[in-house]
Structure formats: C-alpha cells, structure tokens
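Sequential numbering of the sequence shown, starting at 1050, is according to my numbering.
Notes to accompany the following structure.
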Amino acid sequence: MFGPDSRVVVVVGAQWGDEGKGKLVDVLAERADWVVRYQGGANAGHTVDLGDRSFVLHQIPSGILHPGVRCAIGNGVVLDPDTLFEEIDGLVTAGIDVEGRLYVSERAHLVLPYHKMVDAASASSKAIGTTGRGIGPAYEDKIARRGVRVLDLRHPERLREVVEKGAENARSRLARSGSDKVVDVDAVLAQLERLSKRLLPLADDVSLTVHRALKARAAILLEGAQGSLLDIDHGTYPYVTSSSTTAGGAAIGVGIGPNEIDAVVGVVKAYTTRVGNGPLPTELAEPLQSEVRKLGNEFGATTGRARRCGWFDALVVKYATRVNGLSDLAVTKLDVLDTLDRVAICTGYEINGEMHEDFPGDLLALEKVVPRYEWLDGWQTSTADARTLDELPSQARAYLDRVESLVEAPITYVSVGTRREQIIGI
Ligand code: GDP
Ligand code: IMO
Ligand code: MG
C-alpha cells in the first residue's frame, strides 16, 4: 500500500465492524512508520494473532506489535484511561515493548466512570445493544461542550470544574433511568490524579507530530474502528455508534487535511456479521447461521456476544465504497466459507415490491427488505494455504470476481486465515 506517492493510508471497516481490521493493520504496519487510531474507543476489539498468541487491542493501535512502529491515539478517540493502562500492562507482560512509542492526543476526550454507568443504565443503550463502554455518553459530553480532555489533567482546578459539569449531567441521566448508582466527583478526581502520572507523559499534540512525520515522508496508517454501517451519519441510525467511522473521520480524528490521504482500504468479510441490534438484511436462517458462526468463530472480541451472520451484501459494500471513497478492498475470512456447497451474494433489495440496488437510509425500508440473491458454487477445498490468486480454487476466484464487479472497488488483499502470512496481496 505504501510507495513514493502513497504515504497516508486509511483502513476502515466497510460493514458492521469486526471485519478483520486488526489483522490487516498488523500486516500493513510492517511497512508503516506510524499507526494512528482516529475514532471510537474501548468499544473496539481488534484481534491480531502472532504465532500461537492472540492479542485483542481495544484502544492501542494494532501496529504496536511491530517493534519499530510508532503508535498514536488521535483526538477523535474517546479514551478510557483506566483500561488503557490495563492494555499497556498486558502487552508489556507479553513481552511487547511499548515504552516511548505510544502517544496520546492531548485533545482526546476521556471516558470517565460516570459515562460507563450511564451507558449501562440507559434504556436506549440496551435497545441498541451497545458495548457498555461509555462511548455514547462520552461523545455526548464532547458535543455538548462539557467533556474532559487529556490536557485538562494538567490543570487540577479546571479539571474539577469540568468533571463536576459532567457528573451533574450524569446524575440526572441516572436518576431518569431509575439507577441507584452514585457519581462521586472526589473519587473520579482521585482516580484521575493517580492515572495522570502515567497518562500525561504520553500526552502529545498528535496532529503536529503527524504533520512533522508527513513532512519527513513517513508512512502513516490511520486505523479505523467499528464499521461504515455503524457510522453516526452513514450507518443504520439509530443502531450505530457515536462517531464518524468512515474515512472522512480519519482526517478530523487525527488532525490532518483530507487531501493528505492517499488511499482508503475497506476491510470486508467474505460474508457479513453484526453484533448488537438493528437491521441486517442478509441475516441467515438457522441452522446455517449457527454453522457459519461456528466456522468463523463469530463471537465479539470485546463483549463475547454471539455475532449475527449473513451472506455477503453487495449493496452494503457498494455503499461503503461510496461514502468512504474506497480505493481498495481487503476481503477477509474467505476460508470460513471453504466447506459450504454453495454461497450467495445479495445483489438487490426488494422493498414493497420494488427492486433497489443502492442501500437505503430509511430504517423502516430496511426492515422490509427481501434480499435478492445470486447463488454461486462453493469450492469445498481449503484456501488456508493459498498465497496467490492462482492457488485459490476456481470457484473461490469466481466468487471474488463477482464481489469485485458488484461493489465497484478493486480487491487488493484476500485473507485466508488469522495468521500474518495467511494473506494474498493482489
Ligand atoms: P476487527 O474488529 O475488524 O479488528 O475484527 P475482530 O478482531 O473483532 O474480528 C475478526 C476475527 O476474525 C478475529 O478473531 C481475527 O483473528 C479473525 N480473522 C481475521 N482475518 C481472518 C481470516 O482471513 N480468516 C479467519 N478464519 N479468521 C480471520
Ligand atoms: P470493532 O472496531 C462491532 C456496535 C455495538 C452496538 C453499536 C453501538 O472491533 O469493529 P457502542 O458501544 O459503540 O455505543 O455500541 O455499535 N459496536 C461494534 N460492533 N465491532 C465493533 O468494533 C463495535 N463497536 C461498537 O455492538 O451495536
Ligand atoms: Mg472487533
């Protein structure tokens, strides 16, 4: 992906999250100088398998497993300082050296204990099926201009003021939800004082640092979390997360101009999954859904919840191509379909008797979708050892060709297993 004319590459999820962004970022980070997360928070779970070890990264960029790569958490992220250090300590225990190569934007907003309480207690969070990590309430405070930023930790007086504002709002939210949870400002401040000793040394003007790196022609990977269909504007609202997951969010969430971005890689599974509630037009019927879930080990990396599974939905990915300006597509988990005798691709939605080939914005329309499927032969051969397109069975190639022609973006990578080397670069 990186070359003389390609210095900034964005990796985004092009479905409903968990597409395998962690694996792809780890592979691409081999040639990167920097990997920067630009939105979301500890709701993300990005899995990277290294040999027989499996790492799940929530807030730290997936480039951290490459020793020479520097990693940053951008201003667009809502940072949970408590679990950040759990994550860092876990990596250090596993022998990963994090010291001196992890930076946190001083402009990033903090997720505080009361955000998690509100998320856990709120009926709307339950209806959406959030991860309970306090993401929505933290972004709400940011937009309502009562958020707490990393740089506030430098000013104890001001910190108390902003925490009090946030706490007051949280208390009324909790009371309305009938929760008996108590928000203790002194306890929050005491925890922040303790954490700031470790957090402030990581605080940085990430936008400026990335700008300088760009001037020095560094290769920079911007790592998205969640997926395009969970984007606050472009997703299946209100069944979405609270940030701009799409490529436009990358420029904002790091602090660079959109014209600096050279390539946008959309990661998609060879089928579709979704965790949490909301429309999933191609959701499989039982017992096939359970079979695919088992084949793909589709259980959430953050919450352990069973992921809902469906056939590949070309309308979803064509839409993601458009709203992200995808230059490339990385198809993951092709191997999961290896044993099926036939596979389907959704090529159209019938809604109220009318055919649609573009993804609609109206949730009520989405609920009525009858998917139109195109059936293709399965390959019933293992693809796990394929390292070139030629080594794939012809039926698998036909499947990928059909996907490519429908979604209007070229497939540049095909992943056929969790390990680093299990990838075909096209
Ligand atoms: P992310 O949130 O987009 O980083 O994805 P997750 O890590 O939540 O979920 C993807 C899961 O699929 C992880 O368990 C990965 O190890 C696994 N995975 C990634 N690529 C492949 C692949 O090509 N084949 C198989 N079988 N598993 C994969
Ligand atoms: P990665 O980065 C899949 C989903 C939740 C819920 C909705 C809102 O691993 O792909 P939130 O806690 O963000 O307010 O929940 O978004 N969700 C994800 N689904 N992968 C993720 O992250 C997700 N992060 C949030 O399940 O439906
Ligand atoms: Mg995930």
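Beta carbons are placed, not taken as given, at the ideal position from N, Cα and C, and that holds for glycine.
Buried or exposed: residue 1124, going by 16 or more other Cβ atoms within 10 Å of its Cβ? buried
(message) Could you check whether residue 1321 and residue 1383 sit closer than 8 Å to each other, using their CB atoms as the reference points?
(response) no
Burial state of residue 1404, where buried means 16 or more other Cβ atoms lie within 10 Å: Burial call: exposed.
Worksheet item: At what residue ranges does the stretch 1122 to 1183 contain a whole run of the alpha helix (DSSP H), taking only runs of 4 or more?
Response: 1130 to 1142, 1162 to 1170, 1172 to 1177
Answer with buried or exposed for residue 1339, where buried requires no fewer than 16 other C-beta atoms within 10 angstroms of its C-beta.
exposed
Query raised in the report: Does DSSP put residue 1336 in a helix, in a strand, or in coil?
Result: Note: residue 1336 maps to coil in three-state DSSP.
* Within the present structure, is the beta-carbon of residue 1316 separated from the nearest heavy atom of the ligand GDP by less than 7 Å? -> yes
**OP:** Using a Cβ-Cβ cut-off of 8 Å, state whether residue 1299 counts as contacting chain C.
**Re:** No chain C appears in the structure shown, which is made up of a single protein chain.
> Mapping DSSP to helix, strand and coil, what is residue 1242?
Replying inline: In this structure, residue 1242 counts as helix in the three-state DSSP scheme.
_Beta-carbon spacing of residue 1455, residue 1396 below 8 Å_ = yes
Just to check, is the beta-carbon of residue 1182 closer than 7 Å to a non-hydrogen atom of the ligand IMO? yes
| message | Going by DSSP in three states, residue 1359 sits in which element: helix, strand or coil? | response | In this structure, residue 1359 counts as strand in the three-state DSSP scheme.
ask   = For residue 1089, which of helix, strand or coil comes out of DSSP?
value = strand
Would you call residue 1401 buried or exposed, if buried means 16 or more other Cβ atoms sit within 10 Å of its Cβ? exposed
Worksheet item: How would you call residue 1257, buried or exposed, if buried means at least 16 neighbouring beta carbons within 10 angstroms?
Response: exposed
Taking 7 Å as the cut-off, does the CB of residue 1093 come closer than this to any heavy atom belonging to the ligand MG?
yes
Enclosing alpha helix (DSSP H) for residue 1476 [first to last residue]:
Nothing about residue 1476 can be reported from this structure: the residues present for the chain run from 1050 to 1475 only.
Are residue 1084 and residue 1108 close, meaning C-beta to C-beta below 8 Å?
-> no
*Just tell me which of 1097, 1059, 1182 has its CA closest to the CA of residue 1301.*
Considering only alpha carbons, the answer is 1059.
Just how far apart, CA to CA, sit residue 1093 and residue 1274? 6 Å
Exercise. Buried or exposed for residue 1171, please, with buried defined as at least 16 other CB atoms from any protein chain shown within 10 angstroms of its CB.
Key: buried
Does the stretch 1061 to 1079 come into contact with the stretch 1267 to 1284, if we say contact requires no fewer than three beta-carbon pairs (one atom in each stretch) closer than 8 Å? yes
Quiz item: Does the stretch 1156 to 1164 come close enough to the stretch 1225 to 1239 to have 3 or more Cβ pairs within less than 8 Å?
Solution: yes
Look up residue 1440 in the DSSP assignment and say whether it is helix, strand or coil.
-> Three-state result, residue 1440: helix.
Requested in this report: Specify, as a first and last residue, the run of the alpha helix (DSSP H) that residue 1315 falls within.
Outcome: That residue, residue 1315, is in no alpha helix (DSSP H); its beta strand (DSSP E) goes 1312 to 1318.
Range of the contiguous alpha helix (DSSP H) that encloses residue 1266: Counting along the chain, residue 1266 falls outside any alpha helix (DSSP H), and DSSP gives it neither H nor E.
- Can residue 1014 be considered in contact with the ligand MG, in the sense that its beta carbon sits closer than 7 Å to one or more heavy atoms? Residue 1014 is absent from the structure shown; the chain starts at 1050 and stops at 1475.
First through last residue of the alpha helix (DSSP H) which encompasses residue 1377 | No alpha helix (DSSP H) holds residue 1377; the beta strand (DSSP E) holding it covers 1377 to 1381.
Q) Distance, Cα to Cα, residue 1056 vs residue 1198? A) Residue 1198 has its alpha-carbon roughly 29 Å from the corresponding atom of residue 1056.
ask   = In whole angstroms, what is the alpha-carbon distance linking residue 1502 and residue 1067?
value = Missing from the structure shown is residue 1502; the chain here goes from 1050 to 1475 and no further.
Cβ separation of residue 1452 and residue 1363, assumed to be a contact under 8 Å, to the nearest whole Å | 7 Å
- Beta-carbon contacts of residue 1326 that lie in its chain and below 8 Å, excluding the five residues immediately before and after: 1176, 1177, 1178, 1288.
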